[in-house]
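Letter by letter, the sequence shown follows residues 162 to 438 of our numbering.
No residue lacks a Cβ here, since even glycine has one placed at the ideal position from N, Cα and C.
Because the structure is a prediction, the values reported are computed rather than measured.
Here is the structure we will look at.
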Amino acid sequence: MVMLPDGFTFNQANLQDFVDCPRRFQLRYVQGQQWPAVMAEPLSEHEAFVRRGAQFHCLVERHQLGLPVAEMASGLSDSVLCTWWDAYLGFEMLHTLPGERFPELRLSAELFGGRVMAALDLVVVEPGSRVTIFDWKTYGRVPRREWLAFRLQTVLYLYLVAVVGPGMLGDWLKPDMLSMVYWFPVEPGLPVVFRYSQQQQQEDGVRLAGLVQAVLGGSGKDVWPLTSETRLCEYCQFRSRCGRGVAAGVFGEFGGLDEVVGAAGVLSFEEVDEVGF
Ligand code: SF4
162 MVMLPDGFTF NQANLQDFVD CPRRFQLRYV QGQQWPAVMA EPLSEHEAFV RRGAQFHCLV
222 ERHQLGLPVA EMASGLSDSV LCTWWDAYLG FEMLHTLPGE RFPELRLSAE LFGGRVMAAL
282 DLVVVEPGSR VTIFDWKTYG RVPRREWLAF RLQTVLYLYL VAVVGPGMLG DWLKPDMLSM
342 VYWFPVEPGL PVVFRYSQQQ QQEDGVRLAG LVQAVLGGSG KDVWPLTSET RLCEYCQFRS
402 RCGRGVAAGV FGEFGGLDEV VGAAGVLSFE EVDEVGF
């Protein structure tokens, strides 16, 4: 039986780590190792990506809270951020959606023998009618729908809202009133929408339970399996620790393949999502 640190909480990022590479989960969360390696080169581009994504999330949060961000946005010097902000202001589907807004909503629950948490960019609740989860993705391009559907973020967020939502919002909330929208500033007219259902909730529950229990049942002594997908290692801070190379992956190259976009989840996309505001 594995020993996780006190207060350990499962979330989309660490569950995705476990799916991508059990060894990475073990090194990062069970053993708490911080290996001194850059995840992608050039470092400045990677850092700028993370910083810009965090700024964008912060601006949107304040706007959704009703704070006067127009002046703040007009003073932005980053041209990419300005473009994203303009795209956000033109996102009609969001701005015309009725309902109460809950930006940067944290949900958690005891599930499957562990504590599970989700950090939602925005939830819009129309009582008695529907609940829409929004997630801003500052990727360089829009990934395939199938890839997004399989990501732990999609699975966990919808599942957790379906489980916790009725207690928070009322018994009216049924799985088929739930949907999740990924929105990409680089393709503002192409949001990817997932509608939920009771059947999907059942399937997701089985998958999540299996993952949490696989982690909790992991060996406390043995080395957990290393991924066979070696491209993931190029963007992983533990690559020299695992004997999987020394050079970091090239930051700009992960936009070419969905699998490599997956690898980038290791380095950047989850970092942006996990930034606290
Ligand atoms: S370098 Fe590769 S095998 Fe090692 S933890 Fe990272 S992803 Fe897993």
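Cβ shell of R368 (< 8 Å), same chain only, five flanking positions each side left out: Within the sequence shown, residue 368 is the residue found at index 207, counting from 1. Same-chain partners within the cutoff: V316.
Pairwise C-alpha distance: R184 and P386: One-based indexing of the sequence shown puts residue 386 at position 225. One-based indexing of the sequence shown puts residue 184 at position 23. Cα to Cα, the separation comes out at about 5 Å.
Near the ligand SF4: R312 beta-carbon under 7 Å from a heavy atom: Along the sequence shown, one-based indexing puts residue 312 at 151. Every heavy atom of the ligand SF4 is 7 Å or more from the Cβ of R312, so no.
Contact belief for V294 with L281 at Cβ below 8 Å, rounded distance in angstroms: Here residue 294 is taken as the residue at index 133 of the sequence shown, counted from 1. Here residue 281 is taken as the residue at index 120 of the sequence shown, counted from 1. At residue 294 the sequence reads Ile, which differs from the Val that was named. With a Cβ gap of about 6 Å, I294 and L281 count as contacting.
Distance, T244 Cα to L176 Cα: Counting from one through the sequence shown, the residue named residue 176 turns up at place 15. Counting from one through the sequence shown, the residue named residue 244 turns up at place 83. Looking at the two C-alpha atoms, the distance is approximately 32 Å.
Cβ-heavy atom distance, C182 to the ligand SF4, below 7 Å: Residue 182 sits at position 21 when you count from the first residue of the sequence shown. In this structure, the C-beta of C182 approaches the ligand SF4 to less than 7 Å from one of its heavy atoms.
Pairwise C-alpha distance: F210 and V436: Indexing the sequence shown from 1 puts residue 436 at position 275. Indexing the sequence shown from 1 puts residue 210 at position 49. Because the pLDDT of V436 is 38, which lies under 50, any placement of that residue in the model is unreliable, and the number read from its coordinates should be weighed accordingly. Their backbone Cα atoms lie some 13 Å apart in a straight line.
Bounding residues of the beta strand (DSSP E) (the contiguous stretch that carries S269): Counting from 1 along the sequence shown, the entry for residue 269 is found at position 108. Element bounds for S269: 261-272.
CA nearest to the CA of G381, picked from A231, C394, Y190: The sequence position of residue 381 within the sequence shown is 220, counting from 1. Ranking the options by Cα distance to G381, first place goes to Y190.
8 Å contact criterion, which F171 and V277 should meet: CB distance rounded: For the purposes of this step, residue 171 is taken as the residue at position 10 of the sequence shown. For the purposes of this step, residue 277 is taken as the residue at position 116 of the sequence shown. Indeed they touch by this definition, with Cβ atoms about 5 Å apart.
Paired residues, beta bridge with V286 - DSSP: Looking up residue 286 in the sequence shown gives position 125. Looking at the DSSP assignment, V286 forms a beta bridge with E261, V292.
CA nearest to the CA of G451, picked from F169, V180, L321, C182: The question about residue 451 has no answer, for the chain in this structure spans 162 to 438.
Alpha carbon of A234 to alpha carbon of Y318, nearest angstrom: The count along the sequence shown starts at 1 and reaches residue 234 at position 73. The count along the sequence shown starts at 1 and reaches residue 318 at position 157. Each residue's alpha carbon lies about 29 Å from the other.
Continuous beta strand (DSSP E) stretch holding F355: start and end: As a position in the sequence shown, residue 355 is number 194, starting the count at 1. Start and end: 353-356.
Buried or exposed (CB count within 10 angstroms, at least 16 for buried), D247: Stepping through the sequence shown from its first residue, residue 247 is reached at position 86. Exposed, because fewer than 16 other Cβ atoms sit within 10 Å of the Cβ of D247.
Spatially closest choice to V325 from L255, F263, L272, L228, by CA coordinates: Residue mapping note: residue 325 aligns to position 164 of the sequence shown, counting from 1. The option with the nearest alpha carbon to V325 is L272.
V427 in three-state terms, based on DSSP: The residue given as residue 427 occupies position 266 in the sequence shown. Because V427 sits at a pLDDT of 36, beneath the cut-off of 50, its placement in the model cannot be relied upon, and the point is left open.
R392 versus V407: straight-line alpha-carbon distance, rounded: Mapped onto the sequence shown, residue 392 falls at position 231. Mapped onto the sequence shown, residue 407 falls at position 246. About 13 Å.
CB-CB length for A323 against L339, believed under 8 Å: Counted from its first residue, the sequence shown places residue 323 at position 162. Counted from its first residue, the sequence shown places residue 339 at position 178. 6 Å between Cβ atoms; contact.
Contact test: C219 Cβ vs the ligand SF4 heavy atom, cutoff 7 Å: One-based indexing of the sequence shown puts residue 219 at position 58. Because no heavy atom of the ligand SF4 lies under 7 Å away, the Cβ of C219 does not count as near it: no.
Assumed close pair G358, D332 - CB separation to whole angstroms, cut-off 8 Å: Taking the first residue of the sequence shown as 1, we reach residue 358 at position 197. Taking the first residue of the sequence shown as 1, we reach residue 332 at position 171. Reading the sequence as shown, one finds Ser at residue 358 and not Gly. Under the criterion of beta carbons closer than 8 Å, S358 and D332 do not qualify as touching, at roughly 18 Å.
Between the CA atoms of S290 and E206 - distance to the nearest angstrom: Mapped onto the sequence shown, residue 206 falls at position 45. Mapped onto the sequence shown, residue 290 falls at position 129. Going by the C-alpha atoms only, they are around 43 Å apart.
Identity of the residues DSSP links to S340 by a beta bridge: Taking the first residue of the sequence shown as position 1, residue 340 is located at position 179. T293, R356.
R392: first and last residue of the uninterrupted alpha helix (DSSP H) it sits in: For the purposes of this step, residue 392 is taken as the residue at position 231 of the sequence shown. Neither: R392 is in no alpha helix (DSSP H) and is coded neither H nor E.
F169 (DSSP reduced to helix, strand or coil): In the sequence shown, the residue the question calls residue 169 occupies position 8. Three-state result, F169: coil.
Of the residues G275, P259, M254, L283, the one placed nearest L267, counting alpha carbons only: Within the sequence shown, residue 267 is the residue found at index 106, counting from 1. For the record, residue 267 in the displayed sequence is Arg; it is not Leu. It is L283.
Cβ distance (whole Å) where L220 is taken to contact V230 below 8 Å: Your numbering for residue 220 matches position 59 in the sequence shown. Your numbering for residue 230 matches position 69 in the sequence shown. L220 to V230, Cβ: 6 Å. Contact.
Buried or exposed (CB count within 10 angstroms, at least 16 for buried), F399: One-based indexing of the sequence shown puts residue 399 at position 238. Counting Cβ neighbours within 10 Å, F399 comes out buried, since at least 16 surround it.
Identified DSSP bridge partners for G275: On the sequence shown, residue 275 is found 114 positions in, with the first residue counted as 1. DSSP lists L272 as partners of G275.
Where L377 sits in the DSSP three-state scheme: The residue labelled residue 377 in the question sits at position 216 within the sequence shown. Helix.
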